[in-house]
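Residue numbers for the sequence shown follow numbering that gives the first Met the number 0, so the first one is 0 and each next one is one higher.
Working notes, beginning with the structure itself.
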Amino acid sequence: MPTEVQGVIARSKDAPVELTTIVVPDPGPGEVVVDVQACGVCHTDLHYRQGGINDEFPFLLGHEAAGVVSEVGEGVTEVEVGDYVVLNWRAVCGQCRACRRGRPWYCFDTHNARQKMTLTDGTELTPALGIGAFAEKTLVAQGQCTKVDRGAAPEVAGLLGCGVMAGIGAAINTGGVTRGDTVAVFGCGGVGDAAVLGARLAGASTIIGVDIDDRKLRVAEGIGATHTVNSHQTDPVAAIQELTGGFGVDVAIEAVGRPETYRQAFYARDLAGTVVLVGVPTPDMEITLPLLDVFGRGGALKSSWYGDCLPSRDFPMLIGLHVQGRIDLSAFVTEKIGIGDVETAFDKMHAGDVLRSVVMIEGARA
0 MPTEVQGVIA RSKDAPVELT TIVVPDPGPG EVVVDVQACG VCHTDLHYRQ GGINDEFPFL
60 LGHEAAGVVS EVGEGVTEVE VGDYVVLNWR AVCGQCRACR RGRPWYCFDT HNARQKMTLT
120 DGTELTPALG IGAFAEKTLV AQGQCTKVDR GAAPEVAGLL GCGVMAGIGA AINTGGVTRG
180 DTVAVFGCGG VGDAAVLGAR LAGASTIIGV DIDDRKLRVA EGIGATHTVN SHQTDPVAAI
240 QELTGGFGVD VAIEAVGRPE TYRQAFYARD LAGTVVLVGV PTPDMEITLP LLDVFGRGGA
300 LKSSWYGDCL PSRDFPMLIG LHVQGRIDLS AFVTEKIGIG DVETAFDKMH AGDVLRSVVM
360 IEGARA
């Protein structure tokens, strides 16, 4: 029968979030109920609260989550009760033209659970990115669950569900960074630092972190940046060219989502270099570039959605590297908080004080 649990909702635009009782239905065909153990506080959740995604309030926030499958619906074959899983917001269909061409990371028909979670008065909730994991339990489609090694703590594993995967994938999957490449990452927040880690993992020889906050630049150095540039104090394009023999980088990753930083990334790359946009712009933003410069520099201008990842492939691989001690995903966890502390976590995010605050759901292991 349906279960009542505690969850964090955004009831209306810019209103403080609320911890309230939500109703999770029994899983239907192809659906799964997950006992959430931990969920990261992502900037996308704040965008939902601010009405920057859509106006389908109230939202059940949270999407960077790990937990344990507690119930499965009819026809579920990909996971079973007791599996330790990371949740993802792009459950591929396997049937669209992208999937049939062997490119499921571009799936054009990703899906979520068909049923809605609700408030106790029956008001339907819109789960953030189809997940809604600032809650003790959540209902998702089976394809949104990826089984991973239990050796990774939930506060670490869950971050692959969005920001960390987006950054690592922007470097490796979208940018195609490989051994000996030079890379610049514009914006050293959680996604940008994950791109730094991805570039290091791929064997880049030079990794340049660019930000206006020296605190963030120091963190980027700890994760793998070989050089840093404070773009508030120095022209980043000139500095990057100086660090690369006057040429610019092979791959420039923009992890801010602003026209001015995209322009810097565009001009900071070498001839035939690649620009990757992984920062999320707002609908009003526009950029103008001389078409001759676009033509004359060659290379590629790409956008990276979720790091062009395939969760079933990438999540277990990255968790395995973490468990083996080859990468340290725990470096992205700044603090662990309670489910009632999400609004305070948003404030810390605004101030640039955290890479990730992670909500620990009561009953999750430490």
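Every residue gets a Cβ at the ideal spot worked out from N, C-alpha and C, and that includes glycine.
Exercise. In the region 29 to 58, which residue ranges form an unbroken alpha helix (DSSP H) of at least 4 residues, counting only runs that do not cross its ends?
Worked result: Runs of the alpha helix (DSSP H) inside the region 29 to 58: 42 to 48.
For this session: State buried or exposed for M284, treating a residue as buried only when at least 16 other CB atoms are found within 10 Å of its CB.
Result: Counting of Cβ neighbours within 10 angstroms places M284 among the exposed residues, the total staying below 16.
For this session: Tell me, please, whether the region 94 to 108 touches the region 305 to 321 by the rule of three or more beta-carbon pairs shorter than 8 angstroms.
Result: The answer is yes - the region 305 to 321 touches the region 94 to 108, with three or more Cβ pairs under 8 angstroms.
Exercise. Which of the three DSSP states, helix, strand or coil, is assigned to S302?
Worked result: Collapsing the DSSP output to three states places S302 in a strand.
Exercise. For S356, which residues of its own chain have a beta-carbon under 7 angstroms away from its beta-carbon, when the five flanking residues on both sides are left out?
Worked result: Counting only Cβ-Cβ distances below 7 angstroms, and skipping sequence neighbours, we find V40, T333, E334, I336, A344 and K347.
For this session: Quick one: residues in its chain with C-beta nearer than 7 angstroms to the C-beta of I338, no 5 flanking neighbours on either side, listed in chain order?
Result: Correct list, in chain order: Q5, V7, L18, F133, V358 and I360.
For this session: Taking all protein chains shown into account, decide if M0 is buried (16 or more other Cβ within 10 angstroms of its Cβ) or exposed.
Result: Counting Cβ neighbours within 10 Å, M0 comes out exposed, since fewer than 16 surround it.
Exercise. Taking buried to mean at least 16 other C-beta atoms within 10 Å of its own C-beta, is L354 buried or exposed?
Worked result: Taking a 10 Å sphere around the C-beta of L354, we find 16 or more other C-beta atoms and assign the residue as buried.
For this session: Give the range of the beta strand (DSSP E) segment to which K215 is assigned.
Result: In this chain, K215 is not harboured by any beta strand (DSSP E); it is covered by the alpha helix (DSSP H) spanning D213 to I222.
Exercise. Roughly how many angstroms separate the alpha carbons of Q367 and G160, rounded to a whole number?
Worked result: Nothing can be reported for residue 367, as the shown portion of the chain is limited to 0 through 365.
For this session: Compute the beta-carbon to beta-carbon distance between T273 and V255, rounded to the nearest angstrom, for a pair I have assumed lies under 8 angstroms.
Result: Not really, about 17 angstroms apart at Cβ, beyond 8 angstroms.
Problem set entry | Best match in I167, W88, V85 and D108 for proximity to R199 [C-alpha to C-alpha] | Per the Cα distances, I167.
Exercise. With burial defined as no fewer than 16 other Cβ atoms inside 10 Å of the residue's Cβ, what is the status of Q94: buried or exposed?
Worked result: With fewer than 16 Cβ atoms within 10 Å of its Cβ, Q94 is classed as exposed.
Exercise. Hey, quick one: how far does the beta strand (DSSP E) through F294 stretch, first residue to last?
Worked result: Unbroken run through F294 is the alpha helix (DSSP H), L290 to R296; no beta strand (DSSP E).
Exercise. Relative to the C-alpha of D34, which residue among D25, G27 and V68 is closest?
Worked result: Comparing Cα positions, the closest option is V68.
For this session: Could you please give the first and the last residue of the uninterrupted alpha helix (DSSP H) stretch that includes D249?
Result: Taken as a continuous stretch (DSSP letters only), D249 belongs to no alpha helix (DSSP H), being part of the beta strand (DSSP E) at V248 to E253.
For this session: Return helix, strand or coil for N229, following the three-state DSSP convention.
Result: When secondary structure is reduced to three states using DSSP, N229 falls in the strand class.
Exercise. Is it the case that the CB of S302 approaches a heavy atom of the ligand GTP more closely than 7 angstroms?
Worked result: Only the bare structure without any ligand can be found here, which leaves the ligand GTP out of the picture.
Exercise. Which residue or residues does DSSP assign as beta-bridge partners of E123?
Worked result: Partner(s): T117.
Exercise. Alpha carbon to alpha carbon, what distance is there between V279 and A363?
Worked result: Legend: pLDDT at A363 = 41, less than 50; position of this residue unreliable, no value from coordinates given.
Problem set entry | Limits of the unbroken alpha helix (DSSP H) element including V190 | Its alpha helix (DSSP H) spans residues G189 to A201.
Exercise. Can you pull the DSSP bridge partners for L18?
Worked result: For L18, the pairing in a beta bridge is given by DSSP as V7.
For this session: Mark Q49 as exposed unless 16 or more other C-beta atoms lie within 10 angstroms of its C-beta, in which case mark it buried.
Result: By the neighbour-count rule (16 or more Cβ atoms within 10 Å), Q49 is not buried but exposed.
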